[in-house]
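Undergrad:
Residue numbers (the numbering used here), protein chains in the order written: chain A, 1 to 396; chain B, 397 to 792.
1) Less than 8 Å separating the beta-carbons of residue 69 (chain A) and residue 165 (chain A)?
2) Tell me whether the beta-carbon of residue 649 (chain B) lies closer than 8 Å to the beta-carbon of residue 724 (chain B).
3) For the region 374-385 of chain A against the region 334-345 of chain A, are there 3 or more C-beta pairs whose distance is under 8 Å?
4) Given that a residue counts as buried once 16 or more other Cβ atoms are within 10 Å of its Cβ, and exposed if not, what is residue 178 (chain A)?
5) Are any of the Cβ atoms in chain B nearer than 8 Å to that of residue 275 (chain A)?
6) Under a three-way DSSP split, which group does residue 373 (chain A) fall into?
7) Nearest by alpha-carbon distance to residue 122 (chain A): which of A:266, A:290, A:291 and A:316 is it?
8) Taking only beta-carbon positions, decide if residue 180 (chain A) is within less than 8 Å of chain B.
9) Let me check one thing: in DSSP terms, what residues is residue 300 (chain A) bridge-paired to?
10) Note down the Cα distance separating residue 133 (chain A) from residue 716 (chain B), rounded to an integer number of angstroms.
11) Exposed or buried, what is residue 396 (chain A) when buried is set at 16 or more other beta-carbons lying within 10 Å of its beta-carbon?
12) Can you check the region 435-485 of chain B for any beta strand (DSSP E) of at least 3 residues that lies completely inside it and give the ranges in chain order?
13) Which residues in chain A sit within 7 Å of residue 615 (chain B), going by Cβ to Cβ distance?
14) Residues of the region 519-550 of chain B with a CB closer than 7 Å to any CB of chain A: list them in chain order, please.
15) Nearest CA to the CA of residue 348 (chain B): which residue from B:629, B:659 and B:621?
16) Mind pulling the chain B residues with CB within less than 7 Å of residue 168 (chain A)?
17) At 8 Å on the CB atoms, spell out the chain A contacts of residue 572 (chain B), in chain order.
18) Below 8 Å between beta carbons: does that hold for residue 105 (chain A) and residue 63 (chain A)?
19) Helix, strand or coil for residue 539 (chain B), going by three-state DSSP, please let me know.
20) For residue 747 (chain B), count neighbouring Cβ atoms within 10 angstroms of its own Cβ and tell me buried if that reaches 16, exposed if not.
21) Starting from the beta carbon of residue 662 (chain B), find every residue of chain A whose beta carbon is closer than 7 Å, and list them in chain order.
22) Below 7 Å on C-beta distance, what does residue 32 (chain A) contact in chain B?
23) Evaluate residue 234 (chain A) with the Cβ neighbour count: other Cβ atoms within 10 Å of its Cβ, from every protein chain shown; 16 or more gives buried, anything less gives exposed.
24) Please tell me whether residue 256 (chain A) and residue 389 (chain A) are closer than 8 Å, where the distance is taken between their beta carbons.
25) Mind listing the chain A neighbours of residue 579 (chain B)? Cutoff is C-beta to C-beta under 9 Å, in chain order.
26) Can you check whether the C-beta of residue 592 (chain B) is within less than 8 Å of a C-beta belonging to chain A?
27) Report yes or no: do the region 380-387 of chain A and the region 211-223 of chain A share at least 3 C-beta pairs separated by less than 8 Å?
28) How close, in whole Å, do the beta carbons of residue 313 (chain A) and residue 572 (chain B) come, if the pair is a contact with beta carbons under 8 Å?
29) Apart from the five residues on each side of it in sequence, which residues of its chain come closer than 8 Å, Cβ to Cβ, to residue 742 (chain B)?
30) Hey, residue 336 (chain A) and residue 247 (chain A): beta-carbon distance below 8 Å or not?
31) Is it true that the region 492-510 of chain B meets the region 440-454 of chain B, where meeting means three or more beta-carbon pairs spaced less than 8 Å apart?
32) Would you kindly check if the distance between the Cβ of residue 191 (chain A) and the Cβ of residue 140 (chain A) is under 8 Å?
33) What ranges does the alpha helix (DSSP H) occupy inside the region 194-227 of chain A, keeping only unbroken runs of at least 4 residues that lie completely in it?
34) Mind checking if residue 320 (chain A) is an interface residue toward chain B, Cβ cutoff 8 Å exclusive?
35) Within the 8 Å Cβ cut-off, does residue 641 (chain B) reach chain A?
36) Which residue from A:27, A:38 and A:203 puts its Cα closest to that of residue 44 (chain A)?
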């Protein structure tokens, strides 16, 4: 039943299945840019507001065709978009159509939104970014956890979202490969000594193993699983979360950490994307504020929800609530650090770094690795978001 | 399809389904003594070595008929006995027959083994007890965890063992009810002040909430889920683990803690089951040794398996291995304490305590509660099994 679509067949498929486009004269373009799927935009020639995105699973990783992947991951994405869309519709694309045989989703197109990563590279500042992500993560993680859901319902959802193949990608690329001499690492020659030192650091490895175990065992809430700045679309008014195929029940800190890591990588590379000193400083300050805003809003919303909904007698307890939230912060910092390291010399680097000229890249890469190591080792000593931000600033 | 069996129909069912009994003249007795199922022993009149156990799920809890329960739990037990039986056959009954429509298992009968709880009350000492439980738990928990299993296989097993209804019983009876004024608690009048003090202790509640969260979210390995001394059959040669219906992927420490709790309750009540001082001291020393043996063998076996099988480059790391095992010990101590408290004034007390005369019971109950509170609060400071045993001994 499964057939890989191309520009022509994707267009035909949409014409057949999407009511509001069936009478339109359509054009189709391929806009795939992730590592796992093909993505098409199909739109009306006359009315640019009439358009959809068609996303189809591919049977292998685009960046490494030896890595086969189950097509069923699109089913997880479909469930994720609908589930989270029910909780916080403003942050997610509407799903118009799902085809479990063709392994595809047709969903809302946001052609007036831009991928956040690109916006940050070009120096665009959105005041609502940190707050929006904080709100999205607080509401979705709280409402899918044992803090809110009936325990029977929660366990049903854990089962429904078990996602072995996509979790394995993260388990390997984020938590293992960067910490031994794995042939898949892409280590620039100037980084060799730094990386070797890191690989030989047994205390660091032990901490990373602990974070990896938490990732593999802790079914705390439904998380996105790949929340980097390429999974966020933004404009002046709003932001949208896309790409839910990595979703599973995991530690809440993993999503927060993924977001922070990518903000930090943007922060570390501002130096090389802005020639104007003042602009650069402003952008750096803005990015640190995004981290602070994100956390403060997350924390505030999470506490609001806790106070409103937690009814288990032993959990209506401020000592526990504060501990629970602090432990999310510390785990987020650990995951942020692992995500930074992985993006510096792992299989899938980020353009924030690769766009920088070679000579200058060395500096930002080394700084980022050193910061990440420090964060992994010190995360459990940090009690307040400002201590985390201080560490980022003190990087020199 | 489901029909509740009685002594007659159980006998007929066995005659029909068990080859080695079909030509025998059989007798059947009901031996149910747990809270959840009915259990029959069906044996040949002529040859006492020919016998089987038939266990059938009931639709409600025997001790509280308002609590409905899915019949499917017998399916979990069947899988558990077969899975663990493949790993360590000597510790488990063979399954002869499973009927998913009648919700029953027919399994090996150990009529020369006695329930451990009874043996400990009557002062019987088995040198192999602690070592056997240590070996059983080390092998089964290691081999069902991410330390050993392929991550895809492990997640399949997590899914297969999701066990919402039986987990909920534990979540409520062990981790919630004893910590607020729950009508299901059975508080002897003399315990009221002690229990009220405990219920008002917010720091304690916070620690219990943490243990509860770990129980509800940490899919570390396949555990038995109800490993008290009534789930262990023993004789001079060997021990057998029965009753796997609570099995699920949870924290390894939960099984160890359940075992320790019941050994500690036996230890605390020896005073009242032995009139001879010397016998009492011997039995107390023996019980502390069971705890020590169990842990030392568990630890040794776990390390052996780790050194032999862990091949993930970042996990071949002694710092991490020691931390991992220490954290199992600390979590086991926490669970042991929760299980002690639950057995003192929760819904399902143990005969070790209820057999004691009222006047004397007060003393052992108070001592046990105080010890448990101390263990919950101090567990993360304890670095060695002997420090745990010291705390048990220092109870006066």
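C-beta atoms are modelled at their ideal positions from N, C-alpha and C, and glycine is treated no differently. Values in this document were obtained by computation on a predicted structure and should not be read as measured data.
TA: Reading off the structure:
1) Within the first chain, numbered from 1, the residue matching residue 69 (chain A) stands at position 69. Within the first chain, numbered from 1, the residue matching residue 165 (chain A) stands at position 165. Yes; because the gap between Cβ atoms is below 8 Å, this pair is in contact.
2) Residue 649 (chain B) sits at position 253 when you count from the first residue of the second chain. Residue 724 (chain B) sits at position 328 when you count from the first residue of the second chain. Yes, the Cβ-Cβ distance between residue 649 (chain B) and residue 724 (chain B) is below 8 Å.
3) yes
4) Counted from its first residue, the first chain places residue 178 (chain A) at position 178. By the 10 Å Cβ count, residue 178 (chain A) comes out buried.
5) Taking the first chain and counting its residues from 1, the one referred to as residue 275 (chain A) is at position 275. Look at residue 275 (chain A): its C-beta is not under 8 Å from any C-beta on chain B.
6) Here residue 373 (chain A) refers to the residue found at position 373 when the first chain is read from its first residue. Three-state DSSP puts residue 373 (chain A) in a helix.
7) Here residue 122 (chain A) refers to the residue found at position 122 of the first chain. Residue A:266 is the option with its Cα nearest to residue 122 (chain A).
8) Locating residue 180 (chain A) in the first chain gives position 180, where the first residue counts as 1. True, the Cβ-Cβ gap to chain B drops below 8 Å.
9) Sequence index remark: in the first chain, residue 300 (chain A) carries index 300 (1-based). None; residue 300 (chain A) has no bridge partner.
10) The count along the first chain starts at 1 and reaches residue 133 (chain A) at position 133. The count along the second chain starts at 1 and reaches residue 716 (chain B) at position 320. The alpha-carbon atoms of residue 133 (chain A) and residue 716 (chain B) are separated by roughly 33 Å.
11) Along the first chain, one-based indexing puts residue 396 (chain A) at 396. Below a pLDDT of 50, predicted positions are generally treated as unreliable, and residue 396 (chain A), at 44, falls in that range; no measurement from the model is reported.
12) Within the region 435-485 of chain B, the runs of beta strand (DSSP E) that reach at least 3 residues and sit entirely inside it are, in chain order, 447-453 and 460-464.
13) If you number the second chain from 1, residue 615 (chain B) lands on position 219. Here the neighbours are 217 and 219.
14) Result list: 542, 547 and 548.
15) No answer is possible for residue 348 (chain B): the residues shown for chain B start at 397 and end at 792.
16) Locating residue 168 (chain A) in the first chain gives position 168, counting from the first residue. Per Cβ cutoff of 7 Å: 547 and 548.
17) Position 176 of the second chain, counted from the start, is the residue given in the question as residue 572 (chain B). Listed by position along chain A, the residues whose Cβ is nearer than 8 Å to that of residue 572 (chain B) are 312, 313 and 314.
18) Position 105 of the first chain holds residue 105 (chain A). Position 63 of the first chain holds residue 63 (chain A). Result no, Cβ atoms of residue 105 (chain A) and residue 63 (chain A) do not sit closer than 8 Å.
19) The count along the second chain starts at 1 and reaches residue 539 (chain B) at position 143. DSSP places residue 539 (chain B) in helix when its eight states are reduced to three.
20) Within the second chain, the letter at position 351 stands for residue 747 (chain B). Exposed, because fewer than 16 other Cβ atoms sit within 10 Å of the Cβ of residue 747 (chain B).
21) The count along the second chain starts at 1 and reaches residue 662 (chain B) at position 266. Correct list: empty, because the minimum Cβ distance to chain A is about 28 Å.
22) On the first chain, residue 32 (chain A) is found 32 positions in, with the first residue counted as 1. Close to residue 32 (chain A), with beta-carbon spacing below 7 Å, lies no residue of chain B; the smallest spacing is near 26 Å.
23) By one-based count along the first chain, residue 234 (chain A) stands at place 234. It is buried - the Cβ of residue 234 (chain A) has at least 16 other Cβ atoms within 10 Å.
24) Counting from one through the first chain, the residue named residue 256 (chain A) turns up at place 256. Counting from one through the first chain, the residue named residue 389 (chain A) turns up at place 389. Cβ atoms of residue 256 (chain A) and residue 389 (chain A): not closer than 8 Å.
25) Against the second chain, residue 579 (chain B) aligns to sequence position 183. Correct list: empty, because the minimum Cβ distance to chain A is about 12 Å.
26) Translated into positions along the second chain, residue 592 (chain B) becomes position 196. It does not; no Cβ of chain A falls within 8 Å.
27) no
28) Translated into the one-based positions of the first chain, residue 313 (chain A) becomes position 313. Translated into the one-based positions of the second chain, residue 572 (chain B) becomes position 176. The C-beta separation of residue 313 (chain A) from residue 572 (chain B) comes to about 7 Å, placing the pair in contact by the 8 Å criterion.
29) The residue given as residue 742 (chain B) occupies position 346 in the second chain. Excluding five sequence positions before and after residue 742 (chain B), the CB atoms of its chain that fall closer than 8 Å to its own CB belong to 569, 570, 573, 574, 580, 581 and 582, given in chain order.
30) Here residue 336 (chain A) is taken as the residue at index 336 of the first chain, counted from 1. Here residue 247 (chain A) is taken as the residue at index 247 of the first chain, counted from 1. Not in contact: residue 336 (chain A) and residue 247 (chain A) (Cβ atoms no closer than 8 Å).
31) yes
32) Within the first chain, numbered from 1, the residue matching residue 140 (chain A) stands at position 140. Within the first chain, numbered from 1, the residue matching residue 191 (chain A) stands at position 191. Contact flag unset, no.
33) Listed in chain order, they are 202-217.
34) By one-based count along the first chain, residue 320 (chain A) stands at place 320. So, interface residue.
35) Translated into positions along the second chain, residue 641 (chain B) becomes position 245. No, its Cβ sits nowhere closer than 8 Å to a Cβ of chain A.
36) As a first step, residue 44 (chain A) must be located in the first chain, where it is residue number 44. The candidate whose alpha carbon is nearest that of residue 44 (chain A) is A:27.
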